[in-house]
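Colleague: Taking our numbering, the leading residue of the sequence shown gets -18, the next gets one more, and so forth. Dumping the structure here so I can ask a few things about it.
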Amino acid sequence: MPRMVTVLSLCWSCLLFYAGLGLFLSGFLLVRVELRSRSSCRETPIPAAQAGLHETGFSPDSCWMARRFSRAVVLIIDALRFDFADYDPKNRDPKPFENKLDVIYHNVVSKPEHARLFQFRADPPTTTMQRIKGMTTGTLPTFIDVGSNFASSAIQEDNLIQQLVQNEKKVVFMGDDTWEGLFPKKFFKSFPFPSFNVKDLHTVDDGILQHIYTTVAGNEWDVLIAHFLGVDHCGHRFGPHHPAMAEKLSQMNKMLRSLIGQLQNDTLLVVLGDHGMTSTGDHGGESEAEVNAALFIYSTTPLFEIKPVEDSNVVSQIDLVPTLALLLGIPIPYSNIGMVMVDLFISEPKLDDNQYLEQAKALHINAVQVNRFLESYSYAAKDLPVTKLKYLKELFSSTVVEYNDLITVIQKSEKIVPDQDFHARFQNLLIAQQRYLRETKEVCRESWARFNPARMLYGIVLLAATCIHCFLISETASTFESLYKQLLFYPVIWGLTAGLTVCIWMLISGITVEPLMICCWVAIGSHLSFHWNFWRLECKKHNLSNELIQGSNICIRPEWKSWLKCFIPMGILLLRCLAMFSNSFVITEGQVVSFLLKSLVTFTVLKLKWNGKLTSYGLNTSFVPDIQKNSGSVSYKRESFYLIVFMVTFVVCILFSSNFYHCREEIADCEPSPFLKPLSKISNSQQKNFHYILSVSSLGALVYLIRRWFLHYGNLNSSHLVVFFIRLGFPFIVFCLCCNWAVNAASEESFIKLQDLTKKIVVIFPCIVFVLVITGFLIVLWNPITVFLKDNRESDEAVAPPYKGSMETEVDSLHVVPLIYRKMQKAMSVNFNDSQTKTRTVAAYGLGTVYSAALITVVALLTLLLIMLHNERMSLAFLLLFLEGFSFLEIHGTARNLSLQSDNTGYFSVPWYAVTAWAFTATQFFYATGHQPIFPAIQWNAAFVGFTEGHSTNILPALLVGMNTFASHILFAVGCPLLLLWPFVREMKSSKSKNIKKESGDEDQVMEMRLRENPQMFSAAMLQLGMRYLFVYGAQLLALVCSVAVLRRHLMVWKIFAPKFLFEALGFVVTSIYLVITFCFMVRVDVAVNRWFKELLLKQSR
């Protein structure tokens, strides 16, 4: 089979998966329609006289409603959780984040009519960009918006900043540069600072403090916005319980005290947190700690009704939008669905008749604006429920009628009638207006979580068809060589034809051409062609078999045994898929996968015992010579012992890896793993030194074990550049990582005098590692051969030369591959002189592991790179990952050797249990490297490893964070071909000599060279392995897709199932991409080995 057919088949299968996944996503995660309409002063919701304005409906400084303030200072303290701002005078032992903002408490208590503290509820996702968008537009973000936190594209909807600029207000901004991306060229003055370097606690805040006091004292501003990041970055780096949090909050307290003293009477101060943070300092989800932020409002003039200070009111973040707009005398943004904070709309700081009028007026303007938006949106999107719209329209009409009646009565009497019934009517009006606005918000919230069931269903069908496609090809891979035209080329051609036809039809019909739909039609055409050709060929094959059976009177029994072999792994995979439908199992998926993995591997070993493969009586057959029975008995005892040892190691690694799990908020009494905290968060110096030594030792042990493997199999004897890099490059990478960890682990006080030097070090060492890893990849790609040749002249009795490498025991000599010319003649079909073969032999050190050595080199480079992208304490987790993967490969290789005692062709097939277990191990270590399928668990620090100053584009940080998140998927996808190679590496000497009789009575171990002797079977085996691996991942993805489709109205769909689905989909994409790249690399190695043989034979023929 041509090598590239395998790669093309994998690529096409991946594209089919992507088409189905994209179609389902388009039906499950629809983006809300954004209206581009804008509010204006001339479109006043109420008559100008009622608003207290000029007859034109607006004045130079106000519109819609008479402004209360001419200036506003808006301070965003990123991640200011409510309990950070709350003050408890009874707390005598406060935590680092408690009782630090006493200026808020003292003003609320001493000046209740001037200051008030609110609970500021954020709508998930609690990421900064989405919160800024919500607090300026007054709209609710959709779930998919969280993905754009790295890409802050300009806001196109009407918003507060746009209204301020449109009404000739001077807006000055300073702080988080995210605002510059969201509102380009909107600010009168701007002082942006880089925002994504979470290790930098001071640059943004100090930069703001340099400008804020002079700006407030000046006159060139109407609205000042300052976005502080120190608290948020402190949470990400240290967590809220670290002393650094107390210092940062104290700095904010001092800033607020100074700023309040500078405020003028016409200035409103708004201090808010865009979101909260978890106990580990993360955010992005919808836990109570993440959505509960703080809002503090202060004015030098009386603003609130005087009432006892009790529990703080709860305010939605989007409610700030209409409130600020009306207080500053500008129109409410067009798409706002927030409700004004009625507490801020009174004429006197006491409860009187006028208060009702002002509050009713503000709510009426708000309701008219929201009703206008609903009418426009329902016309543009047509996705709001008609019955709900009708109900809201009736509710709105009733409030308008009541409001107009009350206003008419007031105008006639020129004041509010001091009557109890009249007061009750006003109170009922306020309740009805708030009810209308509140229910409108809920209707929009439900509708914007809308779905397209048809697209979801078609996406599921495409994914299911692709899974079947992968399964069928994997089961017929041995015959794919003669059928790849019918099963690959023809489906591709028919698929492209179908896509082109649909595209032309859309263009002719004037329908908007949607690339996703074109890709889906390509997939549909390909599937139809594939299944038509496959089942047509199967029918022909079945009919031919029946004719042969009838002609020869042979009765063929059903091949039940072949199906039983995959029954257990498929059953365990089915259990894994069914678990996707339970939120409890999704929450505890790490433990579930670990249990299934241990069960699968244990069953594999027990099956060998049940089949008698762990004893030597299987050798007592007539075709095995006595001398081989004796040696075989010893060999089998040794293999059985190794099997038990590696199984124990495998289980122990799984158990220890559970210590690195990240806690979910749904799991009660769960303590987060201490290994998730970097060394910089450890205050105890002795404990920090211990963990640093443990991290360095883990990294050193990992590289040492890899080096020992190369030495053991003779792959470090060559003078090739790749061997030189393995010998020197790997240790130097370890040295750079250790130095980088040492600098990062030290406290900031340790390097006050060397601050500039340390900033350079934390950039230089990671960059050196990046360069070395990329160089290593290029070297391996250029020449992946790690074979050392020794040409000897010997007597006729010599069969193989002595080993000249790094052997320590006689057993090591089994791993040297002596290639007699007879072997080369057979592999390359070249005939040589008999006299030559008797006088010359060639010892090829490392040739038996030439494929796996190249692949392990790549895996080792990736492992070192991914370790750097995690915190230093996770190096122990990667050591466990390596030991667990190695143990499983040894179990798998030994099991195959014991199972296939006389069937050499069986080695060219990787059983289902191995593929399933390998995929499960990748999932298990997703959790064992400190990750969870939730947004707060994303380790954003990876984006700034080696890039402390930030990035000019969003591509590189997204790539680094993606590699950090899906590190286990990447490593196991790249290591997937080892499942095929390892049984050859673990070749048992006795198992290859049972039905091959030679004059010498033995045969040399050739290990991976059997792949070169059977290139067609090698290609078929690679195709089968790739398809099976895609099938296992595709089946899990299909199960999760079905679960979110069935449970789309489940209470926990957006909290548990939707994030899990997105992570699983991204994990599948990452896995498939790296799998295809790895198979391309294996083709490159195969080409290099082929060329090496040709060059060797050319030299020997001279």
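C-beta atoms are modelled at their ideal positions from N, C-alpha and C, and glycine is treated no differently. None of the values given here were measured: they were computed from a predicted structure.
#1: Taking its Cβ as the centre, do 16 or more other Cβ atoms sit within 10 Å of R112, making it buried, or is it exposed?
#2: Give me, in chain order, the residues of the same chain whose beta-carbon lies closer than 8 Å to that of T281; leave out the 5 immediate sequence neighbours on both sides.
#3: With a threshold of 16 other CB atoms inside 10 Å of the CB of V752, please say whether the residue is buried or exposed.
#4: Please state the DSSP three-state secondary structure of R13.
#5: Check the DSSP bridge columns for T838 and list the partner residues they point to.
#6: With a 10 Å radius around its C-beta and 16 neighbouring C-beta atoms as the bar for buried, classify K167 as buried or exposed.
#7: Roughly how far, in whole angstroms, is the beta-carbon of M320 from the beta-carbon of L418, given that I think they are within contact range, below 8 Å?
#8: Identify the continuous beta strand (DSSP E) that holds L98 and give its terminal residues.
#9: Taking all protein chains shown into account, decide if E138 is buried (16 or more other Cβ within 10 angstroms of its Cβ) or exposed.
#10: Tell me which residues share the same chain as E647 and place their Cβ nearer than 7 Å to its Cβ, disregarding the 5 neighbours each side in the sequence.
#11: C651: buried (16+ other C-beta within 10 angstroms of its C-beta) or exposed?
#12: Under the three-state reduction of DSSP, which class applies to M628: helix, strand or coil?
#13: Examine the ligand GTP and report whether any of its heavy atoms sits within less than 7 Å of the Cβ of T482.
#14: Determine the closest residue to V743 out of A726, R1065, K590, with distance taken between C-alpha atoms.
#15: Quick one: is M(-15) buried, meaning 16 or more other Cβ sit within 10 Å of its Cβ, or exposed?
#16: Mind pulling the alpha helix (DSSP H) runs of 4 or more residues that sit fully within the segment 360 to 420?
#17: Roughly how far, in whole angstroms, is the beta-carbon of P77 from the beta-carbon of M258, given that I think they are within contact range, below 8 Å?
#18: Which value, in whole angstroms, describes the spacing of the CA atoms of L960 and V896?
#19: Are the beta-carbon atoms belonging to T447 and G1007 less than 8 Å from one another?
#20: Measure from the alpha carbon of K229 to the alpha carbon of each residue in V573, V382, R238, L210, then state which is nearest.
#21: For the segment 422 to 434 against the segment 1010 to 1018, are there 3 or more C-beta pairs whose distance is under 8 Å?
#22: I'd like to know if the segment 137 to 151 and the segment 174 to 185 are in contact, where contact means that at least 3 CB-CB pairs between them fall below 8 Å.
#23: Closest by CA to V1027, which one among F562, F1044, A649, Y888?
#24: If you compare alpha carbons, which of H873, L10, N234, G476 is closest to W(-7)?
#25: Is the segment 654 to 670 touching the segment 889 to 907, taking contact as three or more C-beta pairs under 8 Å?
#26: Looking only at its chain, what residues have a beta carbon closer than 6 Å to the beta carbon of V754, apart from the 5 residues adjacent to it on each side?
#27: Taking only the alpha-carbon atoms, compute the straight-line gap between S171 and P917 and give it to the nearest angstrom.
#28: With 16 other CB atoms within 10 Å as the buried threshold, where does Y360 fall?
#29: Sorted by chain position, which residues of the same chain lie with C-beta nearer than 8 Å to V1068's C-beta, five sequence neighbours on each side aside?
#30: At which residues does the alpha helix (DSSP H) containing R557 begin and terminate?
#31: Among N878, R62, R48, M1063, which one has its Cα closest to the Cα of S260?
#32: One question on the structure: do I760 and W1073 come within less than 8 Å of each other, judged by their Cβ atoms?
#33: Over the uninterrupted beta strand (DSSP E) stretch that includes K1085, give me the two end residues.
#34: How would you label L488, buried or exposed, when you count the other beta carbons within 10 angstroms and need 16 or more for buried?
#35: Just verifying my parser: in three-state terms, what is the DSSP assignment at S171?
#36: If you measure between the beta carbons of F925 and N178, is that distance less than 8 Å?
Modeller: With the structure as the only source:
#1: By the neighbour-count criterion, in which a residue is buried when 16 or more other Cβ atoms sit within 10 angstroms of its Cβ, R112 is buried.
#2: Within the same chain, H95, L244, Q245, N246, T248 come within 8 Å of T281 by CB-CB distance, once the 5 residues on both sides are set aside.
#3: By the 10 Å Cβ count, V752 comes out exposed.
#4: Coil at R13, not helix or strand.
#5: Paired residues: none, contrary to the question.
#6: By the C-beta density criterion, K167 is buried, having at least 16 other C-beta atoms within 10 angstroms.
#7: The beta-carbon distance between M320 and L418, rounded to whole angstroms, is 4 Å. This is short enough to meet the 8 Å contact definition.
#8: The continuous beta strand (DSSP E) containing L98 extends over residues 96 to 102.
#9: Buried is the call here.
#10: Cβ neighbours of E647 beyond the five flanking positions: I568.
#11: Sixteen is the threshold: since fewer than 16 other Cβ atoms of the shown chains lie within 10 Å of the Cβ of C651, the residue is exposed.
#12: Looking at M628 - three-state DSSP - the assignment turns out to be helix.
#13: Questions concerning the ligand GTP fall outside what the structure shown contains, since it holds no ligand whatsoever.
#14: Of the listed residues, the one whose Cα sits closest to V743 is A726.
#15: Using a 10 angstroms sphere on the CB of M(-15), the tally of other CB atoms stays under 16, which defines it as exposed.
#16: Runs of the alpha helix (DSSP H) inside the segment 360 to 420: 367 to 394.
#17: The pair is not a contact, with the Cβ atoms about 13 Å apart (cut-off 8 Å).
#18: The alpha-carbon separation between L960 and V896 amounts to approximately 8 Å.
#19: Going by C-beta atoms, T447 is not nearer than 8 Å to G1007.
#20: Answer by Cα proximity: L210.
#21: The segment 422 to 434 makes no contact with the segment 1010 to 1018; the number of CB pairs closer than 8 Å stays below 3.
#22: No contact exists between the segment 137 to 151 and the segment 174 to 185.
#23: Ranked by Cα distance from V1027, the first of F562, F1044, A649, Y888 is F562.
#24: Here the closest residue by C-alpha is G476.
#25: The way I'd put it, the segment 654 to 670 doesn't touch the segment 889 to 907; fewer than three beta-carbon pairs between them come closer than 8 Å.
#26: L842, L846, listed in sequence order.
#27: S171 and P917: Cα-Cα distance of roughly 30 Å.
#28: Exposed, by the Cβ-count rule.
#29: Taking C-beta separations shorter than 8 Å and ignoring five residues to either side along the sequence, the partners of V1068 in its chain run R(-16), following chain order.
#30: In this chain, the alpha helix (DSSP H) harbouring R557 covers 548 to 559.
#31: When C-alpha distances from S260 are compared across N878, R62, R48, M1063, the shortest belongs to R62.
#32: Contact flag unset, no.
#33: There is simply no residue 1085 to check, as the chain begins at -18 and stops at 1083 in what is shown.
#34: The residue in question, L488, is exposed, as its Cβ has fewer than 16 Cβ neighbours within 10 Å.
#35: In the structure shown, S171 sits in a strand (DSSP, three-state: E or B).
#36: For the pair F925 and N178, the CB atoms are nearer than the 8 Å cut-off.
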